[in-house]
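In this text, residue positions in the sequence shown follow my numbering: the first is 76, and each later residue adds one. From the three backbone atoms N, C-alpha and C, an ideal C-beta is built for every residue, glycine too. In this text, all values refer to a predicted model and were calculated from it rather than measured experimentally. Below is one structure, written out as structure tokens; the observations come after it.
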Amino acid sequence: MKILFTYEFSFKKYGFGGGQVIALNFMNSLTRMGHSVSICCAGSDDDFFSKKSNYKFYFNNKKPNVFSSIQSAFHSIRIIKKIKPDLVCSFTGEAFAISYFCNKNDINFCTYIASPTLPYFSFKNPILSIKNIRYSLSHFFQYIGVLQSKKNYSISEYTYKQLIDNWGVSEETIENLGCGVSDNFLKNNTNSPNRVIDICSVGRIEYFQKPINIAAKALYKSESWNKWVVIGSGSDEKKLKKLIRELGYYNKVEFFSSMENNEVQNILSNTKISLLLSNHESFFITAYEAIASNNILIVSDVAQIKEDFSEFPTVFILDNNSEKKIIELLDHILNNYYELYEKTGMAKEYIISKYSWNKISKKLIDPFLN
76 MKILFTYEFS
86 FKKYGFGGGQ
96 VIALNFMNSL
106 TRMGHSVSIC
116 CAGSDDDFFS
126 KKSNYKFYFN
136 NKKPNVFSSI
146 QSAFHSIRII
156 KKIKPDLVCS
166 FTGEAFAISY
176 FCNKNDINFC
186 TYIASPTLPY
196 FSFKNPILSI
206 KNIRYSLSHF
216 FQYIGVLQSK
226 KNYSISEYTY
236 KQLIDNWGVS
246 EETIENLGCG
256 VSDNFLKNNT
266 NSPNRVIDIC
276 SVGRIEYFQK
286 PINIAAKALY
296 KSESWNKWVV
306 IGSGSDEKKL
316 KKLIRELGYY
326 NKVEFFSSME
336 NNEVQNILSN
346 TKISLLLSNH
356 ESFFITAYEA
366 IASNNILIVS
376 DVAQIKEDFS
386 EFPTVFILDN
396 NSEKKIIELL
406 DHILNNYYEL
416 YEKTGMAKEY
426 IISKYSWNKI
436 SKKLIDPFLN
């Protein structure tokens, strides 16, 4: 089967996030199944990915911007006409035009939705609203595509409900496909408890979505740790570094703006605790990767975290991102680390059984196989 994915953002080594990781995992698993897989996306990667992969990248050689959905749509339609795929799957705002084109030309089409939100303007925080317009427009264009599509997949049960409540999408056109965890995490057998990184936090550094500043203040008041690794970038990165300098422990923190998936895996394989705070997630993939790396996890109650992990003794779920509670948990975990580490395999086995990319990829294409 010839499958084309479409994505309006770039795949540079530095500057891509969860959406690109998900797209790459779909392509990896479907290629292993024997399908011909390619993707349309923004920018160019200077052969970083295209020389190392068994699938084809069609770059539009444009930087992502406010008009990326439109640029990506026209670029993707050109490629669809050129390669004539059996199935087109859209991840982002380009869906608004591709869904119409595929319906008109009798081409199998579906969308994969992570965050069904619409643009809004807050008078309480106008600057943030303006900053977010780049992503809000993408969601709006994606919304148009979803309404035209006969087949829409959600990243989680949480997102499935949002598609109905927020976007008014008919249940007849939605299926909860789910999300997976990268094979390199699931197959990672590094199971030594002797790890040099006490705490790791991964994710976009934007206080509004991921209040890592609360973690920074909590760590200042805890004396039981020696090293914190922060992986991510964002609009509040300078603020976070300034805060940590003011608190006086900058020499105990190591920052990485971005990493490849295998580099993140190497960090997590040497980490005792993953501390992941968030105010909103559709599917908190970083939390699942941390568990697959035998980390003890302190995590916000977002998406399906509580449904999946409330019964496991090495996953500590915060009902609210309380500084005091984080301090208590850090001290408890590090004082009882080896005893807790022995139980990390329980949650990992659960992830392996439920979040395999091969299972999810097969589920995506099954309705379109003749």
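(message) Threshold first: 3 residues or longer. Then list the beta strand (DSSP E) segments lying entirely within the stretch 347-434, N to C.
(response) 371-375 and 390-393
(request) In the DSSP assignment, find the beta strand (DSSP E) that holds Glu250 and state where it starts and stops. (result) Ile249 to Asn251
(message) My parser needs the alpha helix (DSSP H) runs of 4 or more residues fully inside the stretch 136-186; what are they?
(response) 143-158 and 170-179
(request) Sort Gly309, Gly243 and Val304 by Cα distance to Glu338 and report the nearest one. (result) Val304
(request) Under 8 Å by Cβ, that's how I've got Phe132 and Phe86 pegged, so tell me the actual separation to the nearest angstrom. (result) 7 Å
(message) Is the separation between the beta-carbon of Asn135 and that of Gln146 shorter than 8 Å?
(response) yes
(message) With DSSP as the reference, identify every bridge partner of Leu79, one or two as the case may be.
(response) Ser113 and Val163
(message) In whole angstroms, give me the CA-to-CA distance for Ile392 and Lys236.
(response) 22 Å
(request) Could you give the DSSP three-state label for Ser276: helix, strand or coil? (result) strand
(request) Please list, in chain order, all residues of the same chain as Ile427 whose beta carbon is under 7 Å from its beta carbon, the five residues on each side excluded. (result) Excluding positions up to five away in sequence, the list reads Leu261.
(message) Beta-carbon within less than 6 Å of Ala189's beta-carbon, same chain only, minus the 5 sequence neighbours each way: which residues are those?
(response) Ile230 and Ser357
(message) Based on DSSP bridge pairs, tell me the residues matched to Tyr295.
(response) For Tyr295, which the question treats as bridged, DSSP gives no partner whatsoever.
(message) Can you tell me which residues form a DSSP beta bridge with Val305?
(response) Ser276 and Phe330
(message) Give me the DSSP bridge partner(s) of Cys133.
(response) Correcting the residue type first, residue 133 is Tyr in the shown sequence and not Cys. DSSP lists Cys115 as partners of Tyr133.
(message) Can you check which of these residues, Gly323, Val112, Ser245 and Gly253, is closest to Asp383 by C-alpha distance?
(response) Gly253
(message) Looking only at its chain, what residues have a beta carbon closer than 6 Å to the beta carbon of Gly168, apart from the 5 residues adjacent to it on each side?
(response) Excluding residues within five positions, the ones whose Cβ falls inside 6 Å are Glu83, Ser144, Ser213, Phe216 and Gln217.
(message) Please state whether the Cβ-Cβ distance between Gln284 and Ser211 is less than 8 Å.
(response) no
(request) Below 7 Å CB to CB, which residues in the same chain sit around Ser297 once its five sequence neighbours on both sides are set aside? (result) Ile402, Leu405 and Asp406
(message) Please report the distance separating the alpha-carbon of Thr106 from that of Cys116.
(response) 18 Å
(request) Would you kindly check if the distance between the Cβ of Leu315 and the Cβ of Tyr295 is under 8 Å? (result) no
(message) Residues in the same chain with beta-carbon distance under 8 Å from Ile249, minus the five sequence neighbours each way, listed in chain order, please.
(response) The beta carbon of Ile249 sits closer than 8 Å to the beta carbons of Asn227, Tyr228, Ser229, Tyr235, Leu238 and Ile239 from its chain, once the five residues preceding and following it are set aside; these are given in chain order.
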